[in-house]
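For the protein sequence lines, the chains are A and B, in the order given. Per my numbering, the first sequence starts with residue 7, numbered consecutively. Per my numbering, the second sequence starts with residue 792, numbered consecutively.
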Amino acid sequence: NAGVTQTPKFRVLKTGQSMTLLCAQDMNHEYMYWYRQDPGMGLRLIHYSVGEGTTAKGEVPDGYNVSRLKKQNFLLGLESAAPSQTSVYFCASRRTTNEQFFGPGTRLTVL
Amino acid sequence: GQQVMQIPQYQHVQEGEDFTTYCNSSTTLSNIQWYKQRPGGHPVFLIQLVKSGEVKKQKRLTFQFGEAKKNSSLHITATQTTDVGTYFCAAYNTDKLIFGTGTRLQVFP
Chain A
7 NAGVTQTPKF RVLKTGQSMT LLCAQDMNHE YMYWYRQDPG MGLRLIHYSV
57 GEGTTAKGEV PDGYNVSRLK KQNFLLGLES AAPSQTSVYF CASRRTTNEQ
107 FFGPGTRLTV L
Chain B
792 GQQVMQIPQY QHVQEGEDFT TYCNSSTTLS NIQWYKQRPG GHPVFLIQLV
842 KSGEVKKQKR LTFQFGEAKK NSSLHITATQ TTDVGTYFCA AYNTDKLIFG
892 TGTRLQVFP
């Protein structure tokens with residue numbers, strides 16, 4: 007079992023560029039989550055999904071879109087990147103007993 | 792919305808000393824979870840507490856859930872350098888997991 011994987015690991019964008027972050031899990035979990043982590047801010051929920059074909063907004067959804075076309079994948083998109091979106095992005099999937107399993111993260115820098 | 796406050800923000804201890812981090816909420820929580828994040832790593836689930844007044848132990852780590860289910864604590868006895876990292880509490884608000892700001896623990900040998 008690979009658990010939760012994220013691609014890419016690192017990325018540098020220019021302001022206004024777009025990109026998609028991919029999260030994949032092989033544990034057959036229904037729920038998946040996207041977080042961002044900034045220094046001193048803890049983890050903040052961007053969007054989440056309670057099952058294939060569903061998505062919902064978290065605490066800080068503006069500037070991001072998500073899609074969950076397949077149960078094992080959860081994509082996070084930035085349509086027009088801004089420097090304020092420089093962060094470390096973590097994906098997680100949730101077990102039925104509520105604990106979340108996190109991927110290794112994507113470090114994104116927007117210049 | 793639901794907020795979970797965590798103190799202290801930082802803690803530096805000598806190896807062998809004890810460490811405690813506290814988590815507080817203004818609202819009653821259905822349950823509370825604790826995660827550990829090593830420097831440069833990702834959060835790793837430690838434990839979930841559900842019952843009022845619950846106490847759970849994992850080797851040198853002791854987790855408590857307050858009687859009113861509004862606060863929680865994590866206590867580490869006799870810290871080791873392997874305990875270095877940031878400890879987060881987190882609580883669900885329906886399906887959203889809301890994290891505390893974390894306590895960064897540094898252990899000096």
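The beta carbon of each residue, even a glycine, is placed where N, CA and C say it ideally should be.
| query | Can you tell which of A:46, A:43, A:72 and A:48 has its C-alpha closest to the C-alpha of residue 54 of chain A? | reply | A:72
| request: Kindly indicate which three-state DSSP category residue 90 of chain A falls into: helix, strand or coil? | output: helix
| query | Identify the residues that DSSP records as bridge partners of residue 870 of chain B: which are they? | reply | Note: residue 870 of chain B sits in no beta bridge, so no partner.
| request: Indicate whether at least one CB of chain B lies closer than 7 Å to the CB of residue 80 of chain A. | output: no
| said: Counting only Cβ pairs nearer than 8 Å, list the residues of chain B close to residue 33 of chain A. | reply: Within 8 Å Cβ-Cβ: nothing; residue 33 of chain A doesn't reach chain B, min ~13 Å.
| request: Under 8 Å between beta-carbons, which chain B residues line up against residue 104 of chain A? List them in chain order, please. | output: 822, 824, 839 and 883
| said: Cβ closer than 8 Å: which chain A residues qualify as neighbours of residue 854 of chain B? | reply: Neighbours of residue 854 of chain B on chain A: none; closest Cβ ~14 Å, over 8 Å.
| field | Best match in A:24, A:116, A:39 and A:18 for proximity to residue 77 of chain A [C-alpha to C-alpha] | value | A:39
| request: Count the C-beta pairs between the segment 822 to 833 of chain B and the segment 798 to 805 of chain B that are closer than 8 Å, then say yes if the count reaches three, no if not. | output: no
| Residue range of the unbroken beta strand (DSSP E) whose run includes residue 835 of chain B | 834 to 840
| request: Name, please, each residue of chain B whose Cβ falls closer than 9 Å to the Cβ of residue 56 of chain A. | output: 886
| query | Based on the DSSP output, what are the partners of residue 794 of chain B in its beta bridges? | reply | None; residue 794 of chain B has no bridge partner.
| Quick one, are the C-beta atoms of residue 43 of chain A and residue 94 of chain A less than 7 Å apart? | yes
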